[in-house]
Every structure is written in C-alpha cells, then in structure tokens.
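Report on the structure given below.
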Amino acid sequence: MLDESLLDTPEALSEADRRGLLRGAAEAGARVRTAARHAAEAGVNDLKPDGRPRAVLIAGPGAAATHVADLLGTLAGAGSPVTRLAPTGVAPAAGALRWELPGWAGSVDLLLIATPDGTEPGLSLLADQ
6 MLDESLLDTP
16 EALSEADRRG
26 LLRGAAEAGA
36 RVRTAARHAA
46 EAGVNDLKPD
56 GRPRAVLIAG
66 PGAAATHVAD
76 LLGTLAGAGS
86 PVTRLAPTGV
96 APAAGALRWE
106 LPGWAGSVDL
116 LLIATPDGTE
126 PGLSLLADQ
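Numbering of the sequence shown is given in the working numbering, commencing with residue 6 and proceeding in unit increments.
Next comes the structure, spelled out in structure tokens:
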C-alpha cells in the first residue's frame, strides 16, 4: 500500500523506493514506444513469420533476463522451449560477462537480449554470433 503523504516529499519518496522501481515504472512506457519505433524503422513489421521458433533463447545480465525467461516460458508452454543463456565471467568487472549460443542454435531459433541500458559488450558479441 502506498502512503500518499510520500508523494508530497521527493526525499521521502526516494527513501521509500531505494531500488528505483517507481522511476523504472514511470519510464517503461517511453522505453516501449522507443523500442517499437526503432523496430518499425528497422523493418521488423515487414517480417513474415513462418510459425513458432524451435526455441527461444534469452540472454542478459541480472534478474531481468531470468524474469523474462520465466514469463515467456510460462506463456509459451511446450510450444517453444525457452532457455536462459547464463553468462560466463565475473560480473563486477566491466565488460567481463560473455554469452555463447549453444551449438544447436540456428536460424529457426529466436534470440532475445534483455539489457537495462545496452552497454554490455558481451551481448553485442552474442548478437554478432
């Protein structure tokens, strides 16, 4: 339950929301609109699906990728297996995380990259694979 008196004091609101979830929720709509615009500009709307992917592979740092994998796995059911790709490397070291596609991954599989800001070089290398 939200204490409405917090809305009158930005400092108190920041103290109550230590993880920044309110700011993230407030920014989510703009991020989705921006991503949809970029996808349309890249021609994603012109792609014609040939059915379901054989598998959905999800890569990304932190809990976001885990939560996306759990959500999509629940939604897809047995129709398309969902696999979270675990990184290798040491997380605190800048640029140390790396992801590898499994040997069986191919053109009939879907790779989703979940990232809070798109600055992880290991994810760029994964997309290049």
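Ideal Cβ placement from N, Cα and C applies to all residues, glycine included.
By the neighbour-count criterion, in which a residue is buried when 16 or more other Cβ atoms sit within 10 angstroms of its Cβ, residue 62 is buried. The way I'd put it, the stretch 78-89 doesn't touch the stretch 21-31; fewer than three beta-carbon pairs between them come closer than 8 Å. Annotation: the continuous alpha helix (DSSP H) that includes residue 71 extends over 67-81. Excluding five sequence positions before and after residue 10, the CB atoms of its chain that fall closer than 8 Å to its own CB belong to 17, given in chain order. Spanning the alpha carbons of residue 106 and residue 90 requires a straight line of approximately 8 Å.
Cβ contact annotation for residue 109 (same chain, cutoff 6 Å, sequence separation greater than five): none. Distance from the CA of residue 132 to the CA of residue 14, rounded to the nearest whole angstrom, comes to 43 Å. About 6 Å separates the CB atoms of residue 121 and residue 69; that is less than 8 Å, so the two are in contact.
A check of alpha carbon separations from residue 111 across 7, 60 and 71 identifies 60 as the nearest.
Between residue 119 and residue 73, the C-beta spacing is below 9 Å. Inter-residue distance for residue 51 and residue 40 is about 16 Å (C-alpha atoms, whole angstroms).
With distances taken between CA atoms, residue 114 lies nearest to 56 out of 80, 128 and 56.
Ranked by how close their Cα comes to the Cα of residue 103, the residues 124, 81, 21 and 130 have 130 in first place.
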